[in-house]
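Residue numbers (the UniProt record's numbering), protein chains in the order written: chain A, 1 to 201; chain B, 1 to 393. Glycine residues also receive a C-beta, built at the ideal position from the N, C-alpha and C atoms. Heads up, the thing below is written out as structure tokens.
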Amino acid sequence: MATIGHNNLNAKLVLLGDMGAGKSSLVLRFVKGQFLEFQESTIGAAFFSQTLAVNDATVKFEIWDTAGQERYHSLAPMYYRGAAAAIIVYDITSADSFTRAKKWVQELQKQGNPNMVMALAGNKADLEEKRKVTAEEARAYAEENGLFFMETSAKTAANVNDVFHEIAKRLPRAQPNQNPAGMVLVDRPAEGGARAASCCS
Amino acid sequence: MFGTQSQKDLSLETPFSRQSIHTRRAKITVKFQDLYGFTVEGNVDDANILNEVREKVRQQGKAWWALEASKGANWYLQTHVSSALKSSLKFSNLVNAITLKKLIRKGIPPVLRPKVWFSLSGAAKKKSTVPDSYYNDLIIAVEGKVTPATKQIDHDLPRTFPGHPWLDTPEGHASLRRVLVGYSFRDSDVGYCQGLNYVAALLLLVMKTEEDAFWMLAVLLENVLVNDCYSNNLSGCHVEQRVFNDLLKKKCPSIYAHLEALEFDVSLVATEWFLCLFSKSLPSETTLRVWDVLFYEGAKVLFNVALAIFKMKEEELLMTQYVGDVINVIQNTTHHLFDPDDLLTVAFDKVGFMTSTNISKERKKQEPAVMAELDQRLRRLNSSNLDVNSGLT
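Rendered as structure tokens:
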């Protein structure tokens, strides 16, 4: 690696959720700061990377933005396998998409990496007048299931960066030690030296 | 093949060499329209290549016209040696077949595409087995019906090549909708699968009429491609991915070994290729050149092309250290393949000979494992639903 840091880490992150919930739009907003009213439908999955600085650490997200249509479900394990984090996205104007989101949570709980940091994102929060899923309901569900919850709007950018920041903050604590799948500590110094070095920096 | 040690050694070189390629390429970015109206972003070299391609297309047109003049308008239909033709005709048919295969690999001129595709793919034959009014009747019969498929299609219409000067207009949306909705009723197992929107859109751009585009879609799904590519859980697509994985291992062993060490699964990039038939990855004329061959030689062509993309970038791929780097190399390559011949030369002259029979055998070999895996997954999911539900109550 070009830069030497004690807290540089790569984290695989996957976005899951119903078709049209706004997964690709969230990623586009986060990675490029853009929004398109009509985002091309994703086939298979799209890949992006983006680096975030959180406190002393740098987190390089390797983001897998997956296709939402139900039949693509069978491809999903390839993308969430070994993922350090997941954002499960639903559309606050669609009750169906919230049901789908819950299914994804169940699947990840059973088959994903057990230390995975999971976020529930209620997207399209700018469409308040069309709302079908209340924030209270979603928050209660998230708390019950150990996810953190935010309502987002890829259109207005509300809370979009915050979701990724919050994940980045939670990552090291979620997986502090040995080589968790999907999260590779880069240039980790020899045992023992690590603590001293991070104190001094 | 590449242990961690050698990866570390390479790490110093990678950013360096990548930068030099980038600085050379990325000096000036220009936007221009390609032959089929798509706006593409590229550098000046790309724009120049596209102009050269236009010229090559014109030359290719002359070659086809010359053949029509000497052999007759529909000479390419007389290529089936095995049919019950008189023996005196057989030799000329064989000659035609060889000429045609070569000619098609060099590209069908855009003006002739609708006619040649329609005949050679089997779409004409398919259409001829039903009454002339089939398509119109179908469209009238399904009008106003709402199904899960139609809802998904409506959702995807403005998301299919947004910004295209015709596809992204009310007229374009309506046309694409009729083709996709019509097909979803023709084959309810397939219904609508995301990915078909791109395929059908490109067919509409090429074919003269909407009805012909519909029949091309039908012959593609029912005859040209492997079964169940788009239906239920995409099992056909899973099979193709596994076949491709094995082919890469066989044909490009060093790339394969390197990618395996990085835990790169080929389907991370190839799923989109096989479901959209490259329409979302390659520039339009390059995609259509692939389709020229696809409709004549069959679905094995997709493997030739997919292998070629990896093979073309062998050196760069061997330098990659992360899965993300691999994807960037591949995407950067596909998006800039403005000269179809660069790709097709590798696909047909350098990846080695593959027959449709061999590919079929490979598919048969993979099918049981895919079915077992999909089955197992479903069972696990169902049981996990029960567990979670009971845990909550």
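Beta-bridge partners of residue i, as assigned by DSSP
i        : result
A/Asp91  : A/Asn123
A/Ala86  : A/Val14 and A/Met118
B/Gln33  : B/Thr39
B/Phe348 : None, per the DSSP bridge assignment.
A/Phe148 : A/Ala119
A/Glu62  : A/Lys12 and A/Ser49
A/Ala57  : A/Val54
For residue i, the three-state DSSP class (helix, strand or coil)
i        : result
B/Met312 : helix
A/Asn8   : strand
A/Thr156 : coil
B/Asp156 : helix
B/Met207 : coil
B/Glu263 : coil
A/Ala101 : helix
B/Phe161 : coil
B/Trp166 : coil
B/Gln194 : coil
A/Met78  : helix
B/Pro110 : coil
A/Lys132 : coil
B/Leu94  : helix
A/Gly22  : coil
B/Gly324 : helix
Cutoff 8 Å: residue i Cβ touching any chain A Cβ
i        : result
B/Ser121 : no
B/Glu316 : no
B/Cys276 : yes
B/Val293 : no
B/Ile359 : no
B/Val323 : yes
B/Arg177 : no
B/Arg377 : yes
B/Ile327 : yes
B/Ser267 : yes
B/Leu282 : no
B/Leu167 : no
B/Leu50  : no
B/Asn227 : no
B/Asn74  : no
B/Asn233 : yes
B/Leu381 : yes
Test: residue i CB closer than 8 Å to a CB of chain B
i                      : result
A/Tyr80                : no
residue 253 of chain A : Residue 253 of chain A lies beyond the stretch modelled for chain A, which goes from 1 to 201, so this question has no answer here.
A/Arg29                : no
A/Ala67                : yes
A/Leu52                : no
A/Phe38                : yes
A/Asn33                : Reading off the sequence shown, one finds Gly at residue 33 of chain A, where the question assumed Asn. Answer no: the Cβ-Cβ gap between A/Gly33 and chain B never drops below 8 Å.
A/Arg100               : no
A/Asp187               : Unreliable placement is indicated for A/Asp187, whose pLDDT of 46 sits below 50; no coordinate value is reported for it.
A/Gln175               : Model confidence at A/Gln175 stands at a pLDDT of 45, short of 50, so the residue's coordinates are unreliable and nothing is read from them.
A/Arg170               : no
A/Ser74                : yes
A/Gly17                : no
A/Ile43                : yes
A/Glu62                : yes
A/Glu107               : yes
A/Glu137               : no
Proximity test, Cβ basis, 8 Å: residue i and chain E
i        : result
B/Thr271 : No chain E is present in this structure, whose protein chains are A and B.
> Should the stretch 142-150 of chain B be called in touch with the stretch 23-31 of chain A, which here means at least 3 C-beta pairs below 8 Å?
Replying inline: no
>> So if I threshold CB-CB distances at 8 Å, which residues from the stretch 134-163 of chain B count as touching chain A?
In response: Gln152, His155, Asp156, Pro158, Arg159, Thr160, Phe161 and Pro162
> When you check each C-beta in the stretch 139-168 of chain A against every C-beta of chain B, which residues fall closer than 7 Å?
Replying inline: none
> Looking at chain A, which residues of the stretch 253-265 of chain B have a Cβ within less than 7 Å of any of its Cβ atoms?
Replying inline: Asp265
> What residues from the stretch 193-205 of chain B come within 8 Å of chain A, judged by C-beta to C-beta, listed N to C?
Replying inline: Cys193, Gln194, Gly195, Asn197 and Tyr198
> Counting Cβ pairs, one atom from each stretch, are 3 or more of them under 8 Å apart for the stretch 228-247 of chain B and the stretch 359-367 of chain B?
Replying inline: yes
> Given a limit of 7 Å on CB to CB distance, which residues of the stretch 112-135 of chain A reach chain B?
Replying inline: none
> Does the stretch 223-238 of chain B come close enough to the stretch 32-41 of chain A to have 3 or more Cβ pairs within less than 8 Å?
Replying inline: no
> Does the stretch 267-282 of chain B come within contact of the stretch 373-381 of chain B, defined as at least 3 CB pairs closer than 8 Å?
Replying inline: no
> Does the stretch 281-299 of chain B come close enough to the stretch 311-319 of chain B to have 3 or more Cβ pairs within less than 8 Å?
Replying inline: no
>> Can you confirm whether the stretch 166-174 of chain B touches the stretch 213-220 of chain B when touching is taken to mean that 3 or more C-beta pairs between the two stretches lie within less than 8 Å?
In response: no
> Is it true that the stretch 193-204 of chain B meets the stretch 272-282 of chain B, where meeting means three or more beta-carbon pairs spaced less than 8 Å apart?
Replying inline: yes
>> Using 8 Å as the cut-off, can you tell me whether the stretch 331-348 of chain B makes contact with the stretch 156-167 of chain B, which would need three or more C-beta pairs spanning the two stretches below that distance?
In response: no
> Any chance the stretch 130-146 of chain A sits against the stretch 89-103 of chain A, with 3 or more Cβ pairs inside 8 Å?
Replying inline: yes
>> To be precise: take each residue of the stretch 360-374 of chain B, compare its Cβ to all Cβ atoms of chain A, and keep it if any distance is under 7 Å. Which residues remain?
In response: Leu374
> Do three or more CB pairs link the stretch 319-326 of chain B to the stretch 249-268 of chain B at distances below 8 Å?
Replying inline: yes
>> So, does the stretch 106-114 of chain A touch the stretch 62-71 of chain A, judging by three or more C-beta pairs under 8 Å?
In response: no
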